Amino acid sequence: MSRGQPNIAIAHWPGMDLFGDADLQRLRALGTLLNAEPIGAWDDEAASVLAEAEVIVGHWGCPPLDAAMLDRAPRLGLFAYAAGTVKMTLTDGVWDRGIRVTSGANANAEPVAEFTLAAILFANKGVLWRRGPTDFSAMSAMGDRQWGNYGRTVGIVGASLIGRRVIELLRTFPHLSVTLYDPFVTHEEAASIGVQKLELDELCAGADVLSIHAPALPETMHMIGAAQLSALPDGATVINTARGPLIDHETLLPHLTSGRLYAILDVTDPEPLPEDSPLLELPNVWISPHLAGSQGSELARMTTYAIEEIRRWSAGEPALNEVTRDRLATMA
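Using the working numbering, the first residue of the sequence shown is number 83, and each one after it goes up by one.
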């Protein structure tokens, strides 16, 4: 059922340039844009916009869609979130009122997967650990079989949108073996995406690189703990682009200080790390400031996906990435 041209509102942190002029023009082509300046709070100033809004395009800093807000938005039919996780933004009232929710997590998965692919290749090659000028007198390092991307195994924890995209990108490297741990994926489904499903401890025992892509749930906190870290082979690298608390950092630290393991951490626990954290000084640890996700030019991909979700909803078409109440429980 086509819905014609809806009334559209934008909500995110004020002062952030998340929708460019071209984005605003595309929104106006789809319907009536009620506000060019974003709503940062569901206050009295926003009341007139909410009363007319049929679509809300959210982004970072969008306030929660609570009962009071929903009472002010009786015509709302679509919440198109241009960024990743919507867990802090949704309440049960959204589902109770039959509002379609979409997320830009599928768009945000791409840069995280690209970051992860680069991290895997660099980790196996030892690029991040063996820095400095060329020294042809130290040719022995060339024959150190600890390094290289031939015949290595990458263990993926979590067949999330990002985890699946990493698996897809790794298909272009047939000399890398890929294994998967995900309790919600069957052996047949794993085989269909070209990986072998293993239990977590078994996966860790065979992984030269362990890459974490699981959601942050009560059940996944410290899922990479003493047993899993001890199972990893000497010289393995742990990559985390998901959420810091998925790894037990206190248990990880001795493996790093001894030099037994390496780590590439885009997220940490806590985040950010305190200035006196030993992780910041270790030569076998690479820490980036939570930058794997969309930034700069990559924001345009997320807004493009959100605008396409509006077009699809208006035309009565299925969503690209719909978030349901049941699905939310296992999402990041």
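The beta-carbon is built from N, C-alpha and C at its ideal position, and this holds for glycine as well.
Bear in mind that the values here come from a model prediction, so they are computed numbers and not experimental data.
Query: Outcome for residue 39 when other beta-carbon atoms lying within 10 angstroms are tallied against a minimum of 16; Result: Since the first residue of the chain shown is 83 and the last is 414, residue 39 is not available in this structure.
Query: Beta-ladder partner(s) of residue 87, from DSSP; Result: Residue 87 pairs with nothing; no bridge assigned.
Query: CA-to-CA distance, residue 128 to residue 258, given in whole angstroms; Result: 53 Å
Query: Distance between beta carbons of residue 251 and residue 172, contact taken as under 8 Å; Result: That pair is no contact at about 30 Å.
Query: Beta-carbon separation (whole angstroms), residue 249 vs residue 292, contact threshold 8 Å; Result: Rounded, the Cβ-Cβ distance is 14 Å, inconsistent with contact.
Query: Rounded C-alpha distance that separates residue 153 from residue 140; Result: 18 Å
Query: First through last residue of the alpha helix (DSSP H) which encompasses residue 312; Result: 308-313
Query: Through-space distance from residue 235 to residue 350, alpha-carbon basis; Result: 24 Å
Query: For residue 279, three-class secondary structure by DSSP; Result: strand
Query: Contact belief for residue 131 with residue 164 at Cβ below 8 Å, rounded distance in angstroms; Result: No, residue 131 and residue 164 are not in contact; Cβ-Cβ is about 18 Å, not under 8 Å.
Query: Completely contained alpha helix (DSSP H) runs for the segment 235-299, where each covers 4 or more residues; Result: 243-252, 269-274 and 282-287
Query: Simplified DSSP assignment, three categories, for residue 301; Result: helix
Query: Where the beta strand (DSSP E) containing residue 182 begins and where it ends; Result: 182-185
Query: Chain-order list of residues whose beta-carbon lies under 6 Å from that of residue 327 (same chain, five-residue window excluded); Result: 303 and 351
Query: Where residue 93 falls: helix, strand or coil (DSSP); Result: strand
Query: Three-state secondary structure assigned by DSSP to residue 344; Result: strand
Query: Exposure of residue 314, with buried meaning 16 or more beta-carbon neighbours within 10 Å; Result: buried
Query: Length-filtered (3 minimum) beta strand (DSSP E) runs lying within the segment 151-198; Result: 160-163 and 182-185
Query: Selected residue, minimal CA-CA separation from residue 231, among 206, 194, 286 and 86; Result: 206
Query: Residue 266, buried or exposed, once every other Cβ within 10 Å from all chains shown has been counted against 16; Result: exposed
Query: Beta-carbon proximity of residue 184 to residue 402, cut-off 8 Å; Result: yes
Query: Spatially closest choice to residue 346 from 360, 384 and 210, by CA coordinates; Result: 210
Query: Sequence-distant residues of its chain with Cβ nearer than 6 Å to residue 177 (five each side left out); Result: 407
Query: Nearest to residue 372 (by Cα), restricted to the options 323, 271 and 85; Result: 323
Query: C-alpha distance - residue 121 paired with residue 89, whole-angstrom precision; Result: 15 Å
Query: Start-to-end residues for the alpha helix (DSSP H) that takes in residue 395; Result: 381-396
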